[in-house]
Amino acid sequence: MSNTDPWAIEQSDFFAWTTKLDTFLNFISKKKAGGDVWPISMANSCCGSELYSTSSEKYFGNKISAQFLEDSPEDCNLLIIGGVITSKMALEIKQVYSQMLTLKKVMALGNCSCGGGLYPTYNIVKGIEKIIPIDIYIPGCPPSPEVILAGVLQLLEEVSVTTGGPQ
Amino acid sequence: MKNLEEKLNLHRGGNDTGEIFVEGDPNSINSELNLLKNQFGFCYFLDMYAAECPGDDFDFKIYYYILNLDENIRIRYTVSISSKFSMPSVTSIWKCSDWYEREIHEMYGVYFVNRNLDRLLLPAGCSEKPMLNSFRMGQEIEATTPFGPYFTKRNQKDPLKNWTKISTWTKSTHLSFKLWLQSDEGKVSDSIVEVGFLHRGVEKLCQNLNLFQLSPYIQRVNSHSLFCGELSWLMAIEQRLQIKIPPKAMAIRMLLAEFSRIWEHFYFVEQVCLKLKMDKDIREFQFYKEYITELFENYTGRRQYSNVFIGGVPSELQAGWITSCYDFLPKLEIFTSKKIRELSKDYFFSEILRSDSIDGNTALELSLTGPTLRGCGINFDIRKSFPYYHYESVDFEIPLGKHGSSFDRVLVRLEEVRQSTSIILQLLDNLPTGNLLDEGHEIVSLFKAQDDGNFNALDLMNLIDGVKISKDVSYSSIEAGSGEWGIHLHGDGSNKASRLRISPPSFSLLQAFQSLVIGREVSEYGAFLESFGINSSEVDR
């Protein structure tokens, strides 16, 4: 086959890769995330307020401003769950988790979401791992901004190192 | 008042809180409460709750707690009913009693006539009544359907119209409820607030624990404040155990409370700015808030929730702490004045926030509290009306709004920060001397021994178990950042509270928001919501 064969040039232009759909989707979502985290917060009560303090200039500098928390779960790859998980809230968490990108991490913030915390009562889900898988637990009641920041940095490292999806 | 005594079966309360007890008849409740509201000026609805009375002939007691704003008298109107009795609803007298009645129905099973009785805090499908004594502590409820039948029925009736669901926890970090809005040409035409996503059952828990174990739970009810919720509990328990804390401890607690108030006000103004995407202002507020948190941490050892215990305060104010306060407070005042000027001049900010207005009558009807009530021009502040600690002797003013707009509420908050700054400076200038703890009291002296390290653990256990509160009701309230924060404490002669009712401001504020948001622009609901200062962990408890 000569180099001037027009058919050959055309073939090399339109070559195809065959791969699994899952790998392809992971590739796309990882490319979208760019080795960075786009967090969505479902943190409430005191954990929520400490998470909010963490987003201030003192801790994050100019890198991430107060609006670092995204609004829609479809664009996010990090779910921050903090505060009490009640039976009503558990349903919502499941829903938000299913809407997120395929390559996602989940952070449980505070004693309440890690294992029920102070409240041995009727409406509480004791342990978030019963609902969705968790990548990092941050204990404390409420955890201080330094602790939250350490957790986020550890997670960032992990996101940049790992190649495959968590599933 | 004599007139009132003739008409109703009343007696004065034993404590000096200006409280009147009225035993009412459940059948004529509407006419009697109407009389109280329209003829005797008890127009402000504070709280309504139920309690079980196991030893009596009746099953439940329902308490209506109302206030006369002119004379500062509170009435506790009580009716005793059996479990089969159908209570007349008082929503025609006070619109704001709606959610209170729904809560009583789902927690106790009391039936109210002629009204929707959907689940408020619990999932719709569950049939248990968790506040009843027959419901054990370890028992769990079943969550089946997330929405109430009332909502589904309403949705089926007009299915063509467009309902928008807004899950508020994805928009901000501190509000956890669902907002359903129906819009018509860009304006909200109907709204439903679905709460209960943070319902932890604190009140049930508090009835099953020893009185001295309750502090951490009641602290965490008010999660967006440094100290205020806790102070209310400390006052309640100290009043019942007749602990008289020394003047110096009072002053230190006031300092912490005022710092907490400043923090809270900044937090909510900052949230309004966040909704309007004013990045620069947010950073400034965050800086000052963080500084206050540091001061708080330096004294108490924690960023949030102090370690102040029953009977006084644990430690002296350090000299360095006072100096840094003196350094910081003038800066804070200059900053606040600057912010008031800047925000008033900001065309974008004031134009958006000035568009709504609430008049005084509506405010009373919906039982608004705190800066939200004062923004409507009604002068009511617990610190002036029912002064506690040294608030009688410090000099401060109560800022009032004119139109009841979001802009007024923001300005009232910022002006209150300036007043709080002046209160703190006055307290630091005239700090009383003396003890930090009420050492004459048996329990407090043992606490002190525990703190010093020489105590017998068994003694302490026995003593704490032996502390009993009398068979009586008391109410103690403070002015927290978003309004009146009260605790009703019922004793039955044992070492546990037979009923502990927490009545936080956000409950009525969120309920009021549900009806006030109607007619507003859909795009501006966020700033409107934040200007109320609602904290959903208080609403759900």
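The listed protein sequences correspond, in order, to chains R and P. Start counting the first sequence at 34; every next residue gets the next number (the numbering used here). Start counting the second sequence at 20; every next residue gets the next number (the numbering used here). C-beta atoms are modelled at their ideal positions from N, C-alpha and C, and glycine is treated no differently.
Q | Selection of the stretch 76 to 91 of chain R by Cβ proximity to chain P, strictly under 9 Å | A | Listed by position along the chain: Ala-76, Asn-77, Ser-78, Cys-79, Cys-80, Gly-81, Ser-82, Glu-83, Leu-84, Tyr-85, Ser-86, Ser-88, Ser-89, Glu-90 and Lys-91.
Q | Inter-residue Cα distance where the pair is Leu-562 (chain P) and Glu-120 (chain P) | A | Residue 562 (chain P) lies beyond the residue range present for chain P, which begins at 20 and ends at 560; the question has no answer from this structure.
Q) Is the Cβ of Gln-533 (chain P) closer than 8 Å to any Cβ of chain R? A) no
**Q.** Spatial neighbours of Leu-482 (chain P) in its chain, beta-carbon cut-off 8 Å, leaving aside the 5 residues before and after
**A.** For Leu-482 (chain P), the CB contacts under 8 Å within the same chain, skipping 5 residues up- and downstream, are Glu-461, Ile-462 and Leu-465 in chain order.
(Q) On the criterion of 16 or more Cβ atoms from any shown chain inside 10 Å, does Glu-249 (chain P) qualify as buried, or is it exposed? (A) buried
(Q) If the criterion is Cβ atoms closer than 8 Å, does the pair Ser-102 (chain P) and Gly-60 (chain P) meet it? (A) no
Q) So is Ile-157 (chain R) in contact with chain P if we call contact Cβ pairs under 8 Å? A) yes
(Q) Among P:Val-212, P:Ile-371, P:His-243 and P:Thr-342, whose alpha-carbon lies nearest the alpha-carbon of Gly-116 (chain R)? (A) Closest option to Gly-116 (chain R), judged by alpha-carbon separation, among P:Val-212, P:Ile-371, P:His-243 and P:Thr-342: P:His-243.
Q) Got a sec, what are the start and stop residues for the beta strand (DSSP E) Val-41 (chain P) sits in? A) 38 to 42
Q: Run down chain P in chain order and give the residues with a C-beta less than 7 Å from the C-beta of Glu-179 (chain R).
A: Those within 7 Å of Glu-179 (chain R) in chain P number zero; the least Cβ separation is about 10 Å.
Q. Is His-507 (chain P) helix, strand or coil when you go by DSSP?
A. Strand, per DSSP.
Q) Excluding the five sequence neighbours on either side, which residues of its own chain have a C-beta within less than 7 Å of the C-beta of Trp-252 (chain P), listed in chain order? A) Leu-233, Ser-234, Ile-237 and Ile-506
Q.
Using a Cβ-Cβ distance cut-off of 8 Å, determine whether Thr-119 (chain R) contacts chain P.
A. yes
Q. With 16 other CB atoms within 10 Å as the buried threshold, where does Gly-379 (chain P) fall?
A. exposed
Q) Going by C-alpha distance, which of P:Leu-314, P:Phe-216, P:Lys-80 and P:Phe-405 is nearest Glu-90 (chain P)? A) P:Phe-405
Q. What residues are listed by DSSP as bridge partners for Phe-79 (chain P)?
A. P:Glu-71 and P:Ile-100
**Q.** Within-8 Å CB hit, Phe-315 (chain P) to chain R
**A.** no
(Q) Please state whether the Cβ-Cβ distance between Gly-173 (chain R) and Gly-149 (chain R) is less than 8 Å. (A) no
**Q.** Nearest-angstrom beta carbon gap, Ser-369 (chain P) and Ser-363 (chain P) [assumed within contact, 8 Å]
**A.** 6 Å
**Q.** Gln-158 (chain P): contacting residues in chain R (beta-carbon distance under 9 Å)
**A.** Taking a Cβ-Cβ cut-off of 9 Å, the neighbours of Gln-158 (chain P) in chain R comprise Tyr-155, given in sequence order.
Q: For chain R, find out if any of its Cβ atoms is closer than 8 Å to the Cβ of Lys-223 (chain P); answer yes or no.
A: yes
(Q) For Gly-331 (chain P), tell me which candidate among P:Cys-292, P:Ile-371 and P:Ile-256 has the shortest Cα-Cα distance. (A) Ranking P:Cys-292, P:Ile-371 and P:Ile-256 by Cα distance to Gly-331 (chain P) puts P:Ile-256 first.
**Q.** Residues that DSSP places opposite Pro-72 (chain R) in a beta bridge
**A.** R:Leu-111
(Q) Please state the DSSP three-state secondary structure of Lys-350 (chain P). (A) helix
Q. Pairing CB atoms from the stretch 522 to 532 of chain P with CB atoms from the stretch 341 to 351 of chain P, are three or more of them under 8 Å?
A. no
Q) If you draw a straight line from the C-alpha of Ser-439 (chain P) to the C-alpha of Cys-395 (chain P), how long is it? A) 20 Å
Q) In this structure, does DSSP put Met-254 (chain P) in helix, strand or coil? A) helix
Q) Can you tell me whether DSSP reads Ser-98 (chain R) as helix, strand or coil? A) Here the model assigns Ser-98 (chain R) a pLDDT of 41, short of 50, so the residue's position is not dependable, and the following value carries that caveat. Here Ser-98 (chain R) sits in coil by DSSP.
Q: Could you list the residues in the stretch 232 to 250 of chain P with a C-beta less than 7 Å from some C-beta on chain R, going in chain order?
A: Pro-235, Tyr-236, Arg-239, Ser-242 and His-243
Q: Tell me, please, which residues DSSP counts as bridged to Trp-188 (chain P).
A: Answer by DSSP bridge pairing: none, since Trp-188 (chain P) is not bridged.
Q) Can you tell me whether Glu-125 (chain P) is buried or exposed, with buried defined as 16 or more other CB within 10 angstroms of its CB? A) buried
Q: Starting from the beta carbon of Leu-151 (chain R), find every residue of chain P whose beta carbon is closer than 9 Å, and list them in chain order.
A: Arg-219, Leu-224, Pro-235, Tyr-236 and Arg-239
(Q) So, does the stretch 269 to 277 of chain P touch the stretch 315 to 333 of chain P, judging by three or more C-beta pairs under 8 Å? (A) yes
Q: Would you list the one or two residues that DSSP bridges to Phe-64 (chain P)?
A: Paired residue(s): P:Ile-85.
Q.
So, with DSSP's three-state summary, where would you put Arg-138 (chain P)?
A. Per DSSP, reduced to three states, the secondary structure at Arg-138 (chain P) is coil, with no helix or strand assignment.
Q. Taking Tyr-82 (chain P) as the reference, which of P:Pro-418, P:Ile-39 and P:Glu-316 has the closest Cα?
A. In terms of Cα proximity to Tyr-82 (chain P), the closest of P:Pro-418, P:Ile-39 and P:Glu-316 is P:Ile-39.
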